[in-house]
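Colleague:
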Amino acid sequence: MIRFILTRLSLLIPTFIGITLVAFFLIRLVPGDPIETMAGERGIDPARHEQLKKDFGFDQPLLVQYGIYISRVLQGDLGKSIVTRESVLTEFQSLFPATVELGVCAILFALLLGIPAGILAATRRNSIFDHGVMGLSLTGYSMPIFWWGLILILLFSVQLGLTPVSGRIDVLYYIEPVTGFLLIDSLLSEDEGAFLSAFEHLILPTIVLGTVPLAVIARMTRSAMLEVLGEDYIRTAKAKGLSRFRVIALHALRNAMIPVVTVIGLQVGVLFTGAILTETIFSWPGIGKWLIEAIFRRDYPVLQGGLLLVGAIVMSVNLLVDLTYGLINPRIRHTR
Amino acid sequence: MTTETMEAPAVAAPTATPPHPLREFWGYFSANRGAVAGLFVIVGVVLIALLADVVAPHSPYITDTTIALKPPFWQEGGSIAYPLGTDPIGRDMLSRLIYGARLSLLIGIVVVMVSIVVGTILGLIAGYVRGVTEIAIMRLMDIILTLPSLLLAIVIVAILGPGLMNSMMAVALVILPHYVRLARAAVITEVSKDYVMAARVSGAGPLRLMFKEVLPNCTAPLIVQASLGISTAILDAAALGFLGLGAQPPSPEWGTMLADAREFVLRAWWVVTFPGLAILITVLAFNLLGDGLRDAFDPKLKRS
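In the order they appear, the protein sequences are chains A and B.
So the mapping is simple: the working numbering equals the position in the first sequence, first residue as 1, plus 220.
So the mapping is simple: the working numbering equals the position in the second sequence, first residue as 1, plus 163.
What follows is the structure, given as structure tokens:
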């Protein structure tokens, strides 16, 4: 097992170095030099330009610059936003909980609907229900979620007036951030109205962000279930006279869940992609919206730092999934 | 007696010949009703795109503020002249959607072509040369795969500047790893087979081995991935358009149309509904086709 962990870790290092390279060269690929980019359209006088170039170390050879960059990154210094002058890491930390809250809710939504739907579809193979689930899941998988969000707003907020259109919580409420997760913070503040408001604001974004994972999880659960249900030990369990429910819920599900767990882990990258769009539609104050705004403000340090942090997070989650998978399934850890 | 026994195999032989590969393929493919439906939709969209000049009732660009935000014909205030209504500056929705089909198909096909060509060459090299070259190529692909696809595409567009061409290049790069991995895996399995050895013994050079011998036997998974890739490409390019980073207005690209329509979501449901529906139907059709192709080529082939 230790050998397995070490090989996985060693595979990670070049990927991480690669991501730092991408993030580092990003700012240097922008036409014009970074100082001009930062100065924007107002321009900058040549003397000050030279001075700034020296201050930021842009007059050094690229390799030296990269070395300085890496040593800063390893010390947790990701630079400052050009617009707000705040440290990129601080901004990221203050916005990250909003994205995590949304992402966790979306995954829970996808699991709670997707796994039962997948199981039922597998146990009633080729029934109308099965075809319905598969059709819906392919539709969900093909969904342009930025449009899906607008349609849900049109239906639930505009036509029915049920849910709020944007934001995380009504402006009436101020909740002292403790954990950064509004659902938990509002519960801690014992303000029932605030909790309900936060909950209402979460509904639509959760559905929008959860749609693609829901489709993937339902499909995956169905095919994993079908595979397991054909195995000998299931026939044995049935022959023992166990109830159908017991066979499916206890015997089959346990093994069918292994590939599903992996798929959930791999959805983290997909979730980030979805979060960028979902947060833009619902003005959700998270990482996705922050990054998109950074592009339009040409705030390259934010983009650079964000890319690096998101890359590192996806990488760590993938590693975690890999390790859990190796832990559950000994066949995996011995093959490599 | 002897003539009869000699004739028997001659009669039986024609029935024993396997059906033409294409016929056999169609047999498997047409059994999947969803895939056939997907194929029909795609043929329809292609026809609409090709005949846009003939089919579209109006120009997709000419604005007329006197008829701004007309609802579809079945609603009060709508007219049959503008069947799906008009947008905020009085352009016919239907005509814009029809011309948008051109853009979306173009995006899907060009992006996948670029990705497939570059990806296959890189994959072939990685799988054939092995060693340091392979490690370098595959590590690079891992990096692309690690970063969330849309984020990477956005960053590339942010560097190159917004626009249709740049967003297509960004999407092509983002989906590249799938083709590299597929091609490499296929090459590695094929290279160890006897026919490659035979070709090598008879003096075929590495280029001939790669492209003439190995490549034709790796095409099935690549075709399947291409069909699925077109749907991803259309979806991602539309997402970039929606974020204002893809095709720029007044281009009738479906995602860009949605971005323009966003602020009218409260007043005019049709400007928001139809472009997205067009994206959904087209993407769904390509996904159905991809699933059908996969089953038809090889029922055991798993999604990569």
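C-beta atoms are modelled at their ideal positions from N, C-alpha and C, and glycine is treated no differently.
Look at A243(A) and L527(A) and say whether their C-beta atoms are less than 8 angstroms apart.
Modeller: Mapped onto the first sequence, residue 243(A) falls at position 23. Mapped onto the first sequence, residue 527(A) falls at position 307. Yes, these two residues count as a Cβ contact at 8 angstroms.
Colleague: Per DSSP, which one or two residues make a beta bridge with S357(A)?
Modeller: Position 137 of the first sequence, counting from 1, holds the residue named residue 357(A). Paired residues: none, contrary to the question.
Colleague: Just grab the DSSP bridge partners of K375(B) for me.
Modeller: Reading the second sequence from its first residue, position 212 is the one you call residue 375(B). According to DSSP, K375(B) bridges with nothing at all.
Colleague: Could you tell me which residues DSSP pairs with E291(A) in its beta bridges?
Modeller: Counting from one through the first sequence, the residue named residue 291(A) turns up at place 71. Per the sequence shown, the amino acid found at residue 291(A) is Ser instead of Glu. None; S291(A) has no bridge partner.
Colleague: Determine which residues of the segment 352 to 375 of chain A have a Cβ less than 9 angstroms from any Cβ of chain B, and write them out in chain order.
Modeller: Result list: M354, G355, L358, T359, Y361, S362, M363, P364, I365, F366, W367, W368, L370, I371, I373 and L374.
Colleague: Based on Cα-Cα distance, which residue from T226(B), A362(B) and G282(B) lies nearest to E297(B)?
Modeller: As a working mapping, residue 297(B) is identified with position 134 in the second sequence. Per the Cα distances, G282(B).
Colleague: Answer yes or no: does any C-beta atom of chain A fall closer than 8 angstroms to that of S312(B)?
Modeller: Stepping through the second sequence from its first residue, residue 312(B) is reached at position 149. Yes, contact with chain A.
Colleague: Residues in the same chain with beta-carbon distance under 7 angstroms from V428(B), minus the five sequence neighbours each way, listed in chain order, please.
Modeller: Here residue 428(B) corresponds to residue number 265 of the second sequence, with the count starting at 1. Taken in chain order, the residues that qualify are V435.
Colleague: Going along the chain, which residues of its own chain have a beta-carbon closer than 7 angstroms to the beta-carbon of V483(A), five neighbours each way excluded?
Modeller: For the purposes of this step, residue 483(A) is identified with residue 263 of the first sequence, where counting begins at 1. These residues qualify, in order along the chain: V436, I437 and M440.
Colleague: Below 8 angstroms, how does it come out for the segment 309 to 321 of chain B and the segment 403 to 412 of chain B: are there three or more Cβ pairs, yes or no?
Modeller: As far as the Cβ criterion goes, the segment 309 to 321 of chain B touches the segment 403 to 412 of chain B, which means the pair count is three or higher.
Colleague: Can you name, in chain order, every residue of its own chain whose Cβ lies under 7 angstroms from the Cβ of S406(A), other than the five neighbours on each side?
Modeller: One-based indexing of the first sequence puts residue 406(A) at position 186. Same-chain partners within the cutoff: I395, A414, F415 and A418.
Colleague: Based on the DSSP secondary-structure assignment, which residues constitute the bridge partners of T249(B)?
Modeller: As a first step, residue 249(B) must be located in the second sequence, where it is residue number 86. Paired residue(s): D255(B).
Colleague: Label L540(A) either buried or exposed according to how many other C-beta atoms from any shown protein chain fall within 10 Å of its C-beta, with 16 as the threshold for buried.
Modeller: Locating residue 540(A) in the first sequence gives position 320, where the first residue counts as 1. By the neighbour-count rule (16 or more Cβ atoms within 10 Å), L540(A) is not buried but exposed.
Colleague: Please classify V174(B): does DSSP put it in a helix, a strand, or coil?
Modeller: Here residue 174(B) corresponds to residue number 11 of the second sequence, with the count starting at 1. Note that V174(B) has pLDDT 49, beneath the 50 cutoff, so the model's placement of it is unreliable and the number below is only indicative. V174(B) falls in the helix class under three-state DSSP.
Colleague: Given this structure, state the Cα-to-Cα distance separating A400(B) from L336(B), to the nearest angstrom.
Modeller: In the second sequence, counting from the first residue as 1, residue 400(B) sits at position 237. In the second sequence, counting from the first residue as 1, residue 336(B) sits at position 173. Rounded to whole angstroms, A400(B) to L336(B) spans 12 angstroms at the Cα level.
Colleague: Anything in the segment 320 to 332 of chain B with a Cβ closer than 7 angstroms to a Cβ of chain A? List those residues in chain order, please.
Modeller: Taking 7 angstroms as the Cβ-Cβ cut-off against chain A, the residues of the segment 320 to 332 of chain B that qualify are A321 and I322.
Colleague: So, under 8 angstroms CB-CB, L314(B) and I496(A) are touching, yes? Tell me the CB distance rounded to an integer number of Å.
Modeller: Here residue 314(B) corresponds to residue number 151 of the second sequence, with the count starting at 1. Here residue 496(A) corresponds to residue number 276 of the first sequence, with the count starting at 1. 6 angstroms between Cβ atoms; contact.
Colleague: Can you find the residues in the same chain that come closer than 6 angstroms, C-beta to C-beta, to A212(B), ignoring five residues on each side of it along the sequence?
Modeller: Position 49 of the second sequence, counted from the start, is the residue given in the question as residue 212(B). These residues qualify, in order along the chain: A264, R265 and L268.
Colleague: Give a yes or no on whether the minimum CB-CB distance between V534(A) and chain B is below 8 angstroms.
Modeller: Translated into the one-based positions of the first sequence, residue 534(A) becomes position 314. It does; some Cβ of chain B falls within 8 angstroms.
Colleague: Looking only at its chain, what residues have a beta carbon closer than 7 angstroms to the beta carbon of I205(B), apart from the 5 residues adjacent to it on each side?
Modeller: Taking the second sequence and counting its residues from 1, one reaches residue 205(B) at position 42. Answer for I205(B): A448, F449 and L452, listed in chain order.
Colleague: Leaving out the 5 sequence neighbours to the left and right, which residues in its chain are closer than 6 angstroms to D390(A) when beta-carbon positions are compared?
Modeller: As a working note, residue 390(A) is residue 170 in the first sequence. Result list for D390(A): S417, in chain order.
Colleague: I want to verify the contact list: residues of chain B whose CB lies under 8 angstroms from the CB of G238(A), in sequence order.
Modeller: Here the question's residue 238(A) lines up with position 18 in the first sequence. R302, L303, D305 and I306, listed in chain order.
Colleague: Within this structure, are the beta carbons of A215(B) and I261(B) separated by less than 8 angstroms?
Modeller: Locating residue 215(B) in the second sequence gives position 52, counting from the first residue. Locating residue 261(B) in the second sequence gives position 98, counting from the first residue. Yes, they are a contact pair.
Colleague: Tell me which residues of the segment 383 to 396 of chain B have at least one Cβ-Cβ distance to chain A shorter than 9 angstroms, keeping chain order.
Modeller: Those would be S394, in chain order.
Colleague: For the putative contact between G432(A) and M354(A), defined by C-beta atoms under 8 angstroms, what is the C-beta separation to the nearest angstrom?
Modeller: Sequence index remark: in the first sequence, residue 432(A) carries index 212 (1-based). Sequence index remark: in the first sequence, residue 354(A) carries index 134 (1-based). Rather than Gly, the amino acid found at residue 432(A) in this sequence is Val. The pair is not a contact, with the Cβ atoms about 15 angstroms apart (cut-off 8 angstroms).
Colleague: Using a Cβ-Cβ cut-off of less than 9 angstroms, give me the residues of the segment 505 to 519 of chain A that come near chain B, in sequence order.
Modeller: Cβ contacts with chain B come from G508, L511, I512, A514, I515, F516 and R518.
Colleague: Would DSSP call S307(A) helix, strand or coil?
Modeller: Reading the first sequence from its first residue, position 87 is the one you call residue 307(A). In the structure shown, S307(A) sits in a strand (DSSP, three-state: E or B).
Colleague: DSSP three-state label for V300(A), please.
Modeller: If you number the first sequence from 1, residue 300(A) lands on position 80. Checking the displayed sequence, the identity of residue 300(A) turns out to be Lys instead of Val. The answer is strand: DSSP assigns K300(A) an E or B state.
Colleague: Is the number of C-beta pairs between the segment 336 to 350 of chain A and the segment 368 to 384 of chain B that are closer than 8 angstroms three or more?
Modeller: Because the criterion of three Cβ pairs below 8 angstroms is not met, the segment 336 to 350 of chain A and the segment 368 to 384 of chain B do not touch.
Colleague: Is the CB-CB distance between A316(B) and L391(B) below 8 angstroms?
Modeller: Locating residue 316(B) in the second sequence gives position 153, where the first residue counts as 1. Locating residue 391(B) in the second sequence gives position 228, where the first residue counts as 1. For A316(B) and L391(B), no; Cβs fall outside 8 angstroms.
Colleague: Chain A beta carbons: is any one of them nearer than 8 angstroms to that of W433(B)?
Modeller: Walking along the second sequence from the start, residue 433(B) turns up at place 270. By this cut-off, W433(B) is not an interface position.
Colleague: Assuming G271(B) contacts I393(B) (C-beta within less than 8 angstroms), just tell me the rounded distance between them.
Modeller: One-based indexing of the second sequence puts residue 271(B) at position 108. One-based indexing of the second sequence puts residue 393(B) at position 230. About 4 angstroms; that satisfies the 8 angstroms criterion.
Colleague: Mind pulling the chain B residues with CB within less than 7 angstroms of L473(A)?
Modeller: Translated into positions along the first sequence, residue 473(A) becomes position 253. Near L473(A) there are no residues of chain B at all, since even the closest Cβ is about 21 angstroms away, more than 7 angstroms.
Colleague: State yes or no: is the beta carbon of N450(B) nearer than 8 angstroms to at least one beta carbon in chain A?
Modeller: If you number the second sequence from 1, residue 450(B) lands on position 287. Judged by the 8 angstroms Cβ criterion, N450(B) is in contact with chain A.
Colleague: Please state if the CB of M477(A) and the CB of A342(A) are separated by a distance shorter than 8 angstroms.
Modeller: In the first sequence, counting from the first residue as 1, residue 342(A) sits at position 122. In the first sequence, counting from the first residue as 1, residue 477(A) sits at position 257. Taking 8 angstroms as the Cβ cut-off, A342(A) and M477(A) do not qualify as a contacting pair.
Colleague: Along the chain, where does the alpha helix (DSSP H) containing M221(A) start, and where does it finish?
Modeller: Here residue 221(A) refers to the residue found at position 1 when the first sequence is read from its first residue. Here M221(A) belongs to no alpha helix (DSSP H), and DSSP marks it neither H nor E.
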